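Colleague:
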Amino acid sequence: MGHQKCGAVTAAAESGEAEGHLPSLLALIRPPSNARRAQPGDLIDNAVRINVENVVRQVRGSTPVLAALVDRGALMVVGAVYSLDTGKVAWLPDSQTKTMARLEPRESAQCAGSRRTRTN
Ligand SMILES: [Zn+2]
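In our numbering, the protein residues as written are -7 to 112.
1) Ignoring anything shorter than 3 residues or poking outside the segment -3 to 82, list the beta strand (DSSP E) runs there in chain order.
2) Please tell me whether His(-5) and Val62 are closer than 8 Å, where the distance is taken between their beta carbons.
3) In whole angstroms, what separates the C-alpha of Ser7 from that of Arg22?
4) Mind checking Leu18: buried by the 16 CB within 10 Å criterion, or exposed?
5) Would you check if the distance between the CB atom of Leu76 and the CB atom of Arg41 is smaller than 8 Å?
6) If you compare alpha carbons, which of Leu20, Gly79 and Arg29 is closest to Ala43?
7) Between the C-alpha atoms of Ala39 and Met(-7), what's the straight-line distance to the nearest angstrom?
8) Are the CB atoms of Val69 and Val51 nearer to each other than 8 Å?
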């Protein structure tokens, strides 16, 4: 879950100077910050959402453990963004982060009904 007005994402988006371990952390966020310019809306809001989408993809594709659990439907990873203005959490549309083209329609419907991470 990402959050509105994230300082780390803002720093990465603004490409400012940083000290210590921060440059390596910002580098992990920076690629999606570049991609956000192609989308309408607020640049930082877009960067926060894109970063969540990328992390969801990374977690889902992580081998050997997590990807195998996702493959057999034992684990679901869903992105979200927390709004500081409203206090609400917006779940990201699964289509934006989906890496599982092999999901059966029946399983997709089941996932849509319980949008949270779970393990069996
Ligand atoms: Zn943050």
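Backbone N, C-alpha and C define an ideal beta-carbon position, used for all residues, glycine too.
A quick note: this is a predicted structure, and the numbers were derived from the prediction, not measured.
Modeller: Judging by the given coordinates:
1) 72 to 74
2) no
3) 8 Å
4) So Leu18 ends up on the buried side.
5) no
6) The residue asked about is misnamed: residue 43 is Asn in this sequence, not Ala. Closest by alpha carbon: Leu20.
7) Roughly 13 Å between the two C-alpha positions.
8) yes
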